[in-house]
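In structure tokens form, the structure reads like this:
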């Protein structure tokens, strides 16, 4: 839990500087994206969930915004994710399969921090 506590201020900054904020609020659909990510990872596996969240469909492009915030939290809180050759979580995990269990734990911690940080923002139910 201490790891997540340290990540929450980083997550707030990552959200504030992301594409999630629209007119000073977070569209409510992003709340469901972050909430369902953990379940998708547990049910389908990390790589399958990341692939789904990075798809190039219209909904996938929106989900990718949440993944970008999680990745930003990891970059700012964990040296393993700084200055990598990969620009998204799916590519990072795909090319580092030998440490997939560690990556999954890191991503889950960051996702929880983002989910908690999102609660400090107002949600726009109209978007």
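Numbering (the numbering used here), first residue to last: 901 to 1027. The C-beta atom is built at its ideal place from N, Cα and C for all residues, glycine as well.
Exercise for review: Starting from residue 1006, trace the alpha helix (DSSP H) both ways and give me its first and last residue.
Suggested key: Position 106 of the chain shown holds residue 1006. 1000 to 1018 is the extent of the alpha helix (DSSP H) around residue 1006.
Exercise for review: Take every Cβ of the segment 960 to 978, pair it with every Cβ of the segment 912 to 919, and state whether three or more of those distances are shorter than 8 Å.
Suggested key: yes
Practice item. Identify every run of the alpha helix (DSSP H) within the segment 945 to 1005, keeping only runs that are complete inside it and at least 4 residues long; order them along the chain. Key: 946 to 953, 958 to 977 and 989 to 994
Point to revise | Residues near residue 993 by beta carbon distance below 7 Å, same chain, minus five either side | key: Looking up residue 993 in the chain shown gives position 93. Only 946, 947, 950, 1000 and 1003 meet the Cβ criterion.
Point to revise | Contact set for residue 1023: own chain, Cβ-Cβ below 7 Å, skip 5 residues either direction | key: By one-based count along the chain shown, residue 1023 stands at place 123. Only 925, 926, 928 and 931 meet the Cβ criterion.
Review point. Using a Cβ-Cβ cut-off of 6 Å (strictly less than) and excluding sequence neighbours within five positions of residue 953, which residues of its own chain qualify?
Key: Working through the chain shown from its first residue, we reach residue 953 at position 53. Here the set comprises 963 and 967.
Check your understanding: residue 972: buried (16+ other C-beta within 10 angstroms of its C-beta) or exposed?
Key -> Position 72 of the chain shown holds residue 972. The residue is buried, with at least 16 neighbouring Cβ atoms inside 10 Å.
Exercise for review: Could you spell out the range, first to last residue, of the alpha helix (DSSP H) harbouring residue 925?
Suggested key: The count along the chain shown starts at 1 and reaches residue 925 at position 25. That residue, residue 925, is in no alpha helix (DSSP H); it is neither H nor E in DSSP.
Review point. Alpha carbon to alpha carbon, how far is residue 941 from residue 989?
Key: To locate residue 941, count along the chain shown from 1; it is residue 41. To locate residue 989, count along the chain shown from 1; it is residue 89. Rounded to the nearest angstrom, the two C-alpha atoms are 13 Å apart.
**Study point:** C-beta contact flag for residue 1014 and residue 911 at 9 Å
**Key:** Residue numbering aside, residue 1014 sits at position 114 when the chain shown is read from its first letter. Residue numbering aside, residue 911 sits at position 11 when the chain shown is read from its first letter. In this structure, residue 911 lies closer than 9 Å to residue 1014 by Cβ.
Point to revise | C-alpha distance - residue 908 paired with residue 1007, whole-angstrom precision | key: As a working mapping, residue 908 is identified with position 8 in the chain shown. As a working mapping, residue 1007 is identified with position 107 in the chain shown. Distance between the alpha carbons of residue 908 and residue 1007: 13 Å.
Exercise for review: Measure the alpha-carbon distance for residue 977 versus residue 1025 and round it to whole angstroms.
Suggested key: One-based indexing of the chain shown puts residue 977 at position 77. One-based indexing of the chain shown puts residue 1025 at position 125. Looking at the two C-alpha atoms, the distance is approximately 31 Å.
Check your understanding: How would you call residue 1011, buried or exposed, if buried means at least 16 neighbouring beta carbons within 10 angstroms?
Key -> Counting from one through the chain shown, the residue named residue 1011 turns up at place 111. Result: buried.
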